[in-house]
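This report refers to the structure that appears directly beneath it.
Protein chains: 2
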Amino acid sequence: MAAEIKHITEKCNGALLAIRDTLYVLSGKWKIQLIVLLREGPMRFNELQRSLVDITPKVLSKELREMELNEFVIRRVYDTVPVTVTYELTPYAATVDPIINSLREWGTQHRERIIASRKSEVKETVEE
Amino acid sequence: MAAEIKHITEKCNGALLAIRDTLYVLSGKWKIQLIVLLREGPMRFNELQRSLVDITPKVLSKELREMELNEFVIRRVYDTVPVTVTYELTPYAATVDPIINSLREWGTQHRERIIASRKSEVKETVEE
DNA sequence: GATATTAGTATCCCAAAGGATAGCAGTATC
DNA sequence: GATACTGCTATCCTTTGGGATACTAATATC
Numbered sequence: 001m002a003a004e005i006k007h008i009t010e011k012c013n014g015a016l017l018a019i020r021d022t023l024y025v026l027s028g029k030w031k032i033q034l035i036v037l038l039r040e041g042p043m044r045f046n047e048l049q050r051s052l053v054d055i056t057p058k059v060l061s062k063e064l065r066e067m068e069l070n071e072f073v074i075r076r077v078y079d080t081v082p083v084t085v086t087y088e089l090t091p092y093a094a095t096v097d098p099i100i101n102s103l104r105e106w107g108t109q110h111r112e113r114i115i116a117s118r119k120s121e122v123k124e125t126v127e128e
Numbered sequence: 001m002a003a004e005i006k007h008i009t010e011k012c013n014g015a016l017l018a019i020r021d022t023l024y025v026l027s028g029k030w031k032i033q034l035i036v037l038l039r040e041g042p043m044r045f046n047e048l049q050r051s052l053v054d055i056t057p058k059v060l061s062k063e064l065r066e067m068e069l070n071e072f073v074i075r076r077v078y079d080t081v082p083v084t085v086t087y088e089l090t091p092y093a094a095t096v097d098p099i100i101n102s103l104r105e106w107g108t109q110h111r112e113r114i115i116a117s118r119k120s121e122v123k124e125t126v127e128e
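Listed in order, the protein sequences are those of chains F and E.
Following full-length UniProt numbering, the numbering of the first sequence begins with 1 at its first residue and continues without gaps.
Following full-length UniProt numbering, the numbering of the second sequence begins with 1 at its first residue and continues without gaps.
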């Protein structure tokens, strides 16, 4: 019996570890959203802040720093007045596209499913 | 200029919304891991707790309740002594497989990449 | 009668994530 | 000289996710 349990966890262990790694790197409320935004092209700090309405500069700055460390974005400083800083996705950031796409597709289907189930609930109520 | 910013956010908006929906449903430290475990077959409460070493009963119970509400698991109570309760994935839970697979694959590749970059760093240090 | 088992609850607590607000340097513009 | 713009940082505060510990009912077993 103990052996059985052990067998199960070992079989999943690799998957669990890999998934934990991924979630750790993409942790936080904003990183995935930032990647989605930046896929349109490089953006400036204030542009990002305005696009993600609720994000504060402190949090945005922290997320961008972490993404720079993980080689998801490149930070470029231009010697203009006032200074211009752009954030741009690296090619490595493109490797998370499958994750983003699967998240987006599932969310879309899930929403449709919920709307459909609400409609059928209404029908049932009417039919009673 | 304002129009340009608006254009960008509108183009991404659907994706951002869908992604937020997905992350909301799969939120928390444990739900994805529970799905991975339960893909092996139905498990009992204590079995799950033992498999996910660090989870406390309070948290496990909360996660399972949320997953039941989202129709990811079915909870079955058997009239044995002591009582037996099993948790089993629904067919709907299988729809998140693409997400889980993309998370697992990316985590695996990312880990390999980090190991590789560590090795090359060592080489460079030696070569200096 | 003490102990073990199951599937949880109840209560308390803590750390981390993240929000609110203010401010700064450096320049340009009114 | 006041104000505005950029890209932040600093400080403080709140929320919430989740861990630790203890406990329950009902029965069986020692």
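Note that CB positions come from ideal geometry on N, CA and C, so glycine has one too.
Looking at the strands, I want to know which residues DSSP matches up with residue i.
i	result
Arg-44 of chain E	E:Thr-86
Arg-76 of chain F	F:Thr-86
Output yes or no for whether 8 Å exceeds the beta carbon distance between residue i and residue j.
i	j	result
Leu-38 of chain F	Val-83 of chain F	no
Thr-86 of chain E	Met-43 of chain E	yes
Leu-48 of chain E	Leu-60 of chain E	yes
Trp-30 of chain E	Glu-63 of chain E	yes
His-110 of chain F	Val-53 of chain E	no
Name, please, each residue of chain F whose Cβ falls closer than 7 Å to the Cβ of residue i.
i	result
Leu-16 of chain E	Gln-33 and Val-36
Asp-118 of chain E	A small fix is needed here, since residue 118 of chain E is Arg in this sequence, not Asp. Those within 7 Å of Arg-118 of chain E in chain F number zero; the least Cβ separation is about 14 Å.
Residue i to residue j, Cα distance in whole Å?
i	j	result
Pro-98 of chain F	Ile-35 of chain F	12 Å
Pro-57 of chain F	Asn-46 of chain F	9 Å
Glu-4 of chain E	Arg-50 of chain F	In this predicted model, Glu-4 of chain E has a pLDDT of only 49, less than 50, meaning its place in the structure is not dependable enough to derive any value.
Tyr-78 of chain F	Ala-15 of chain F	43 Å
Ala-94 of chain F	Arg-65 of chain E	35 Å
Ala-2 of chain F	Arg-113 of chain E	Caution applies to Ala-2 of chain F, whose pLDDT of 41 falls short of 50 and renders its modelled position unreliable; the value that the coordinates give is listed next. Straight-line Cα distance between these residues: approximately 35 Å.
Gly-41 of chain E	Val-126 of chain E	50 Å
Met-67 of chain E	Asn-13 of chain E	27 Å
Arg-75 of chain E	Glu-121 of chain E	51 Å
Ile-115 of chain F	Leu-89 of chain F	35 Å
Arg-118 of chain F	Arg-118 of chain E	52 Å
Tyr-92 of chain F	Ile-55 of chain E	33 Å
Thr-108 of chain F	Glu-10 of chain F	34 Å
Gln-33 of chain E	Gln-33 of chain F	23 Å
Ile-8 of chain E	Lys-123 of chain E	44 Å
Ser-27 of chain F	Val-96 of chain F	13 Å
Leu-23 of chain F	Leu-23 of chain E	11 Å
Residue i touches chain E at which residues, Cβ-Cβ below 8 Å?
i	result
Pro-98 of chain F	Ser-102, Glu-105 and Trp-106
Thr-90 of chain F	None at all; the shortest Cβ gap to chain E is about 12 Å.
Thr-22 of chain F	Leu-103, Arg-104, Trp-106, Gly-107 and His-110
Thr-80 of chain F	Ordered by position in chain E, no residue passes the 8 Å Cβ test against Thr-80 of chain F, which lies about 16 Å from the chain.
Thr-86 of chain F	Correct list: empty, because the minimum Cβ distance to chain E is about 14 Å.
Following a CB-centred definition, is residue i positioned closer than 7 Å to any heavy atom of the ligand NAP?
i	result
Arg-76 of chain F	The ligand NAP is absent from the structure shown, which contains no ligand whatsoever.
Note down, in chain order, every chain F residue with its Cβ under 9 Å from the Cβ of residue i.
i	result
Val-59 of chain E	The premise fails here: Val-59 of chain E is roughly 16 Å from chain F at the closest Cβ pair, so nothing lies under 9 Å.
Val-25 of chain E	Trp-106, Gly-107 and His-110
Check the Cβ of residue i against every Cβ in chain F and list those closer than 8 Å, keeping chain order.
i	result
Ile-19 of chain E	Ile-32, Gln-33, Val-36, Ile-100, Leu-103, Arg-104 and Gly-107
Closer than 7 Å by beta-carbon distance: list the chain E residues that pair up with residue i, in chain order.
i	result
Thr-56 of chain F	Simply none; closest approach about 18 Å.
Contact between the region 12 to 20 of chain F and the region 100 to 107 of chain E (3+ Cβ pairs under 8 Å)
yes
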